[in-house]
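Residues 6 to 134 in the working numbering are what the sequence shown lists, from first letter to last. Beta carbons are placed, not taken as given, at the ideal position from N, Cα and C, and that holds for glycine. All figures in this text were calculated on a predicted structure; none of them were measured in a lab. Let me begin by presenting the structure, written as structure tokens, before commenting on it.
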Amino acid sequence: MALNTFKHQPPVKPARRKRRPNRLAVWINEVMGFDKLFGSDNAWPIRNINRILWVTLLLVLYIGLNHNAERLVRRIHRTRTDVDELRAQATTLEAKLAQSSKQSELSKRVFADSLLDSQSPPTKLIVSE
Numbered sequence: 006m007a008l009n010t011f012k013h014q015p016p017v018k019p020a021r022r023k024r025r026p027n028r029l030a031v032w033i034n035e036v037m038g039f040d041k042l043f044g045s046d047n048a049w050p051i052r053n054i055n056r057i058l059w060v061t062l063l064l065v066l067y068i069g070l071n072h073n074a075e076r077l078v079r080r081i082h083r084t085r086t087d088v089d090e091l092r093a094q095a096t097t098l099e100a101k102l103a104q105s106s107k108q109s110e111l112s113k114r115v116f117a118d119s120l121l122d123s124q125s126p127p128t129k130l131i132v133s134e
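Below, the structure written as structure tokens:
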């Protein structure tokens, strides 16, 4: 004779709530006609339109930020090149000024105006009161 045992029943799953139709998805479906494109039984793009639009927005944002970063890098490179050129020009002008302010260079320029450089040292004037 067999033992009497309790019959184990599978746990009862709670009833799923029916999803409310997404207003944006319904509107896009009305405008674009995705039912005709995908069929009414295969409406996964309509159910997931929020996710699709969110990912699309993130992609557009990523592309825009990438373009902005590349433009900024080009601007920095152009500015760095300009600064290097200006620094070289300033160094050249500084060297020319230092060269032209030497006494030998001054005497050459003054000689062109028929003025001669004094060979004797300057004399000190003493004023008596």
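Classification of residue i by the beta-carbon crowding that lies within 10 angstroms, buried from 16 upward
i: Ile131; result: exposed
i: Phe20; result: Residue identity check: residue 20 is Ala in the sequence provided, not Phe. Classification of Ala20: exposed, given that the 10 Å Cβ count is below 16.
i: Asn71; result: exposed
i: Asn34; result: buried
Spatial distance of residue i from residue j (CA atoms)
i: Ile54; j: Leu8; result: 57 Å
i: Leu111; j: Ser133; result: 34 Å
i: Asp118; j: Ser109; result: 15 Å
i: Thr86; j: Lys101; result: 23 Å
i: Val65; j: Glu75; result: 15 Å
i: Val60; j: Arg79; result: 29 Å
i: Ser123; j: Val115; result: 11 Å
Proximity below 9 Å, CB of residue i to CB of residue j
i: Leu29; j: Leu58; result: yes
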